[in-house]
Ligand code: IVH
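Here it is in C-alpha cells:
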C-alpha cells in the first residue's frame with residue numbers, strides 16, 4: 104500500500120479511472136487503520152484532502168464510481184468481536200471545511216437551495232466539534248437499554264456494557280420518555296490521557312497517539328472494567344429515532360430538551376444570526392481551544408430551524424444543513440532528515456529531529472523534539488523514518504510516532520561524548536548529561552540566554568544568536584560580563600551598527616532594575632524555576648538570606664525537599680557563582696523586593712492560591728504577579744491546605760479537584776476585592 108498518493112494531473116478518462124481507484128483503495132485502507140487498528144498514519148487534514156479529491160472526481164466521472172467506493176459509506180468499520188447493531192436511522196458524518204471562504208460558500212449554498220435572497224440571514228446553532236468517538240444510546244421508557252458505536256454509519260458495535268461505566272451517560276432519564284435514540288461523542292480529557300500514557304510508559308506498553316484513540320480503545324474493550332478505568336466522558340449533540348413526546352422546533356431547543364432529560368451537553372453553544380456570527384464563534388473558540396480540558400478539532404455549524412433542516416436534507420453521506428469548521432491540522436506527517444543533539448544550560452543532551460519542512464496549522468515546522476533516549480527507544484525512531492509530528496499551542500513540536508521505518512533499523516543512540524565540548528556524558532535518570540558544568544560552551548551560552556530571557560531579566564535583543572557570537576569571540580564568559588559591555592564593543596561586529604548596539608546597551612541598562620524573584624530565577628540555579636524563586640524570596644528576603652540558609656532549613660523547614668535544597672545550597676558554595684553575583688551588584692544590578700517577606704504585611708500575605716480558567720481582567724501572569732506582590736503564594740497543584748481557588752471562565756480539572764476537597768473557591772470579583780483591585 105502506497106502511503107501517499109502523488110497529485111497526478113487527471114487529463115483523460117483513463118487517468119481519471121486510475122486515480123479514482125487509487126484514491127478509493129487508499130481511503131479504504133486509511134479508514135481501516137483509523138477505525139479498526141486505531142493507528143492512523145495520515146493526519147485528518149491529509150485524509151480529508153483525499154476524500155475531497157475523490158468526491159470531485161466521482162462527480163465528474165460517475166461511470167467510474169466503484170461499488171465499494173468509500174464515498175458510499177460513512178467510514179469506520181465493524182469489529183467482529185462485538186455484536187452488530189443496525190442503526191434505525193443511519194449515523195451520518197459531516198462535511199469538513201477549513202477556511203472562512205468555505206464557510207461563506209456553505210451559507211450561500213444553503214440560501215441558493217432554499218431560494219433565499221443572498222442578503223437574508225440564516226439562523227445557525229454553533230457547537231464544539233468534539234474530537235472523539237461517535238456513539239448512539241437507546242432509551243426505552245426512560246431506561247438506557249443499548250449503546251453502540253457509529254461503525255460504518257449503518258451498522259455499529261454493541262458496546263452497551265462499556266458505555267454503562269461512563270458517568271456522564273445517565274442510565275435513567277429524568278422523564279419517562281417511551282423511546283429515544285441519543286447521539287453524541289465519547290472523549291477522554293487531556294489530564295486522563297496524560298495519566299494513561301504515563302502509566303503505559305511505565306508498564307512498557309505502546310502509547311496512544313492522541314486522546315481520541317485512547318477513548319476509542321477504551322470503548323472497544325471486551326472487559327468493561329478497563330473502560331471504567333479510563334474515566335471517559337460523553338457529550339450529546341443530536342438524536343436519531345424518537346417517540347412523539349419529543350417535540351422541538353430548533354436544534355437549540357433540542358439541546359436544551361436533552362439537558363432537561365439529564366443528558367450531558369456542553370455549555371459552549373451559540374445561536375448566530377447569519378454566517379458572520381458563526382465565524383465569530385469559531386474565532387472565539389479557536390482562542391479558547393487550549394483551555395478546554397478535552398480535545399476539540401473545530402466547531403459544528405448547524406441550521407437551527409428543524410423545518411429548514413428537513414427541506415435541506417442530505418447529499419450522499421452528510422447533511423446539507425450542517426458542516427464542521429475545523430481548525431487547521433495540528434498533526435502532520437514528515438520525514439526525519441537528521442537528528443541533532445543540543446546541550447542545554449544544565450548540560451542535558453536533547454535530541455532534535457530535523458524535518459523535511461511541513462506546514463502544521465499554518466506554521467512551517469522544521470524541527471521537533473525527541474525528548475530523550477528513552478522516548479527514542481520506545482518509539483524506535485531513527486534518521487530517515489517517516490513520522491507523525493504534532494504542534495499544539497506554544498509547545499515545541501514533537502515527534503509522536505513512526506509511521507514508516509526508513510532504511511536504518513533500530514533506534515538512534517545519543518553520543519557518549521558531549522557534542523559541544525567532547526567531555527564524557529553521564530546517564531542521570533532519564534537524562535544524558537554533560538558534566539563539564541563550568542566550561543562547556545553550550546552550558547555557558549544556555550545560562551546566558553536563560554538569564555536574558557523574557558521571564559528572567561528580560562534583556563530585549565540578547566537572544567540565542569547574539570549570545571552565541573559574543574561567547575564565541577570571548578566578549579562574555581558569564582552573565583555578569585553582559586553588564587560590562589561598553590559602547591564600541593559591539594558596533595564593529597558583523598550585523599551590528601551603532602544603532603543596534605545602542606538599543607542592546609539600553610535594554611541591558613533597563614534590566615538592572617528588576618524584581619527580586621526574577622533575579623533569583625535568572626541565576627539559573629538547578630531546580631529553581633519561577634515558583635521556587637518566588638518562594639525563596641518570600642521566605643528569605645534577599646540573596647544573603649538564601650545564601651545563608653542551611654540544607655536542613657531549605658529542605659525541611661522551607662519544605663522543598665532535599666534534592667532541591669542541596670542544589671540551592673551548593674550553588675552558593677561555589678566561589679565562581681558568588682563572584683558573578685558580586686560583579687552583577689557592582690555593575691548596578693539592583694533587584695527590588697516585589698514580594699512581601701513572610702510575616703510582613705500584605706493584604707493576602709502568607710495565603711496560598713491556585714488559578715484555574717480564564718479571567719476577564721487579567722492574564723494568568725498578571726494575576727499571579729498581583730498575588731505574589733501582596734505576599735501570597737501561587738501554587739501549581741491542588742492541595743488540601745490551599746487557601747483560595749480562583750475560578751475564571753471554563754475552569755479546568757483543578758476546579759473539580761478543589762470541589763472534591765471542599766476548598767474555598769472564589770470568582771473573579773471576589774478575587775479582585777481580596778487584592779483590592
Ligand atoms: S452532528 C448529521 N455535532 O463529527 C450530523 N457531530 O464528521 C451528525 N462530532 O460523527 C453529527 N462534535 O462524531 C455533530 N457537535 C457535534 C459534533 C459532532 C463532534 C463528530 C461526530 C460525527 C462527526 C462528523
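Residue numbers (my numbering): 104 to 780. Cβ atoms here follow ideal geometry from the backbone N, Cα and C, with glycine treated the same way.
Around the beta carbon of residue 546, 16 or more other beta carbons lie within 10 angstroms, which makes this residue buried. Applying a distance threshold of 5 Å between residue Cβ atoms and the heavy atoms of the ligand IVH selects 195, 196, 197, 230, 232, 233, 237, 288, 340, 403, 422, given in chain order. Distance check between residue 362 and each of 731, 341, 475, 121 places 341 closest, using alpha-carbon atoms only.
For the segment 303-370, the full-length alpha helix (DSSP H) segments reaching 4 residues or more read 314-322, 327-332, 354-363 along the chain. Within the same chain, 144, 436, 489, 490, 491 come within 7 Å of residue 506 by CB-CB distance, once the 5 residues on both sides are set aside.
In the three-state scheme derived from DSSP, where H, G and I count as helix and E and B as strand, residue 628 is classed as coil. Out of 369, 207, 536, 451, the CA that lies nearest to the CA of residue 381 is found in 207.
For residue 291, the pairing in a beta bridge is given by DSSP as 335.
Spanning the alpha carbons of residue 430 and residue 276 requires a straight line of approximately 34 Å. Using a Cβ-Cβ distance cut-off of 8 Å, the segment 419-430 and the segment 442-457 are not in contact, since fewer than three pairs of beta carbons, one from each stretch, lie closer than that value. Proximity of the segment 260-268 to the segment 376-391 falls short of the contact definition, fewer than three beta-carbon pairs being nearer than 8 Å. Here the C-alpha atom of residue 270 lies approximately 32 Å from the C-alpha atom of residue 773.
Cα atoms of residue 476 and residue 129: separation of roughly 34 Å, rounded to the nearest angstrom.
For residue 192, the three-state secondary structure derived from DSSP is coil. Leaving aside the five residues that flank residue 330 on each side, the residues in its chain whose CB is nearer than 7 Å to its CB run, in chain order, 265, 268, 321, 322, 324. When secondary structure is reduced to three states using DSSP, residue 151 falls in the helix class. Going by DSSP, residue 555 is part of no beta strand (DSSP E) but of the alpha helix (DSSP H) stretching over 544-555. Following the DSSP letters along the chain, one finds residue 233 inside the beta strand (DSSP E) bounded by residues 226-233. Secondary structure of residue 386 (DSSP, three-state): helix. Taking every protein chain shown into account, the CB of residue 562 has 16 or more other CB atoms within 10 angstroms, so this residue is buried.
Here residue 504 is buried: its Cβ has 16 or more other Cβ atoms, across all protein chains shown, within 10 Å.
Minimum Cα-Cα distance from residue 713 among the listed residues 187, 403, 747, 653 corresponds to 747. For residue 434, the enclosing beta strand (DSSP E) covers residues 434-446. DSSP, read as helix, strand or coil, puts residue 618 in strand. For the pair of segments examined, the segment 184-198 was found to touch the segment 244-254: the number of CB pairs separated by less than 8 Å reaches three. The criterion of a C-beta distance shorter than 8 Å is satisfied by residue 161 and residue 174. If you draw a straight line from the Cα of residue 439 to the Cα of residue 583, it is about 39 Å long. Separation of the CB atoms of residue 289 and residue 254 is rounded to 14 Å, and the pair is thereby denied contact status at 8 Å.
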